[in-house]
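Chemist: Here it is, the structure, as structure tokens.
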Amino acid sequence: MSSMLAINDIHVSYGNIKALKGVSIEAQQGQIVCLIGANGAGKSTLLRAIVGLEPLVMGSIEFNGEKIAEGRTEHGKPHVVLTEQICARGISLVPEGRRVFADMTVEENLDMGAFLVRDKALIIKRKSEMYDFFPILWQRRKQKTRSLSGGEQQMMAIARALMSDPRLLLLDEPGLGLAPLVVQDIFSKISIINKENKVTVFLVEQNARMALKASDNGYVMENGLIVLSDRADALLVNEQVKSAYLGQ
Ligand SMILES: Nc1ncnc2c1ncn2[C@@H]1O[C@H](COP(=O)(O)OP(=O)(O)O)[C@@H](O)[C@H]1O
Ligand SMILES: [Mg+2]
Numbered sequence: 000m001s002s003m004l005a006i007n008d009i010h011v012s013y014g015n016i017k018a019l020k021g022v023s024i025e026a027q028q029g030q031i032v033c034l035i036g037a038n039g040a041g042k043s044t045l046l047r048a049i050v051g052l053e054p055l056v057m058g059s060i061e062f063n064g065e066k067i068a069e070g071r072t073e074h075g076k077p078h079v080v081l082t083e084q085i086c087a088r089g090i091s092l093v094p095e096g097r098r099v100f101a102d103m104t105v106e107e108n109l110d111m112g113a114f115l116v117r118d119k120a121l122i123i124k125r126k127s128e129m130y131d132f133f134p135i136l137w138q139r140r141k142q143k144t145r146s147l148s149g150g151e152q153q154m155m156a157i158a159r160a161l162m163s164d165p166r167l168l169l170l171d172e173p174g175l176g177l178a179p180l181v182v183q184d185i186f187s188k189i190s191i192i193n194k195e196n197k198v199t200v201f202l203v204e205q206n207a208r209m210a211l212k213a214s215d216n217g218y219v220m221e222n223g224l225i226v227l228s229d230r231a232d233a234l235l236v237n238e239q240v241k242s243a244y245l246g247q
């Protein structure tokens, strides 16, 4: 089986800071794959590299067998596909901290998520699907996003990302700063999006337990390197993971 997402030995730097030092990750179609790691490990950098927001120094990223990013090419220049084109190919990112447009209403935020969709009727259909899936967003649709709770904003950020009908959904710490029950709610939605809507999910979390419980496979990142990878159920009982990430 070929991978939907294949990250091959990528390196990303911010000036002199080496944020990713040779990271390889694979996700098969239909899976939920998680990446856990402490603050500053390089998780967000990895997601940003997938959607073309950070250039690669070395390595490459393939989506459905096509190269969407490459560090050193034979022409000597990095190859970067524009974020908009990556979105058009079926990858959507829910950024860290939700990054909602606070002065826009929920409805306007969802419209922004469909900026590549030309067909007005299709936009309306997708919005109504989102309102069915997240009923609270229907109630809040005319409200400015800043008036929403953190959990509601996260749901809206996910709904906005789904408006482009992605095949691969990238989530950057969907549970960050939310109460445990709200986090559970968000994770059960992520699971439905994966199982019923057949969207492959790659999620990044500091909340290792929630992430591993929801996932098929997991990777552990420390200081820009993958230090462990396994089936998620195996990582949940791994002694190293338990002491470093599960507080056991
Ligand atoms: N825009 C930036 N400029 C300089 N350094 C950055 C920038 N963004 C992240 N870093 C650094 O890169 C490393 C990885 O950061 P990040 O990918 O945000 O980690 P995580 O998401 O795991 O918390 C950290 O050392 C961080 O300080
Ligand atoms: Mg981060």
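Numbering-wise (numbering that gives the first Met the number 0), the sequence shown opens with residue 0 and increments by one. C-beta: ideal position from N, C-alpha, C; glycine also.
With distance defined between alpha-carbon atoms, name the residue in Ala26, Thr82, Gln27 and Ala48 nearest to Ala18.
Modeler: Here residue 18 refers to the residue found at position 19 of the sequence shown. The option with the nearest alpha carbon to Ala18 is Ala48.
Chemist: Go through the residues and name those whose CB comes closer than 6 Å to any heavy atom of ligand 1, in chain order.
Modeler: Residues flagged by the Cβ proximity filter: Tyr13, Ile16, Ala18, Gly36, Asn38, Gly39, Ala40, Gly41, Lys42, Ser43 and Thr44.
Chemist: Beta-carbon separation of Ala5 and Glu25 under 8 Å?
Modeler: Position 6 of the sequence shown, counting from 1, holds the residue named residue 5. Position 26 of the sequence shown, counting from 1, holds the residue named residue 25. Yes; because the gap between Cβ atoms is below 8 Å, this pair is in contact.
Chemist: Is there at least one non-hydrogen atom of ligand 2 closer than 7 Å to the beta-carbon of Glu238?
Modeler: Against the sequence shown, residue 238 aligns to sequence position 239. Outside the cutoff, so no.
Chemist: Is the number of C-beta pairs between the region 174 to 190 and the region 152 to 159 that are closer than 8 Å three or more?
Modeler: The region 174 to 190 vs the region 152 to 159: in contact.
Chemist: Does the region 224 to 242 come close enough to the region 73 to 93 to have 3 or more Cβ pairs within less than 8 Å?
Modeler: Flag = no, the region 224 to 242 and the region 73 to 93 do not touch.
Chemist: Under 7 Å: does the beta carbon of Glu221 sit that close to some heavy atom of ligand 2?
Modeler: As a position in the sequence shown, residue 221 is number 222, starting the count at 1. It does not: the Cβ of Glu221 is nowhere closer than 7 Å to a heavy atom of ligand 2.
Chemist: If you draw a straight line from the alpha carbon of Glu95 to that of Gln205, how long is it in whole angstroms?
Modeler: Along the sequence shown, read from residue 1 onward, the residue named residue 95 stands at position 96. Along the sequence shown, read from residue 1 onward, the residue named residue 205 stands at position 206. Their backbone Cα atoms lie some 12 Å apart in a straight line.
Chemist: Can you list, in chain order, the stretches of the alpha helix (DSSP H) that have 4 or more residues and sit fully within the region 70 to 112?
Modeler: Fully enclosed alpha helix (DSSP H) runs of 4 or longer: 82 to 88 and 105 to 112.
Chemist: Between Glu95 and ligand 3, is the CB less than 7 Å from at least one heavy atom?
Modeler: No copy of ligand 3 appears in this structure; the ligands present are ligand 1 and ligand 2.
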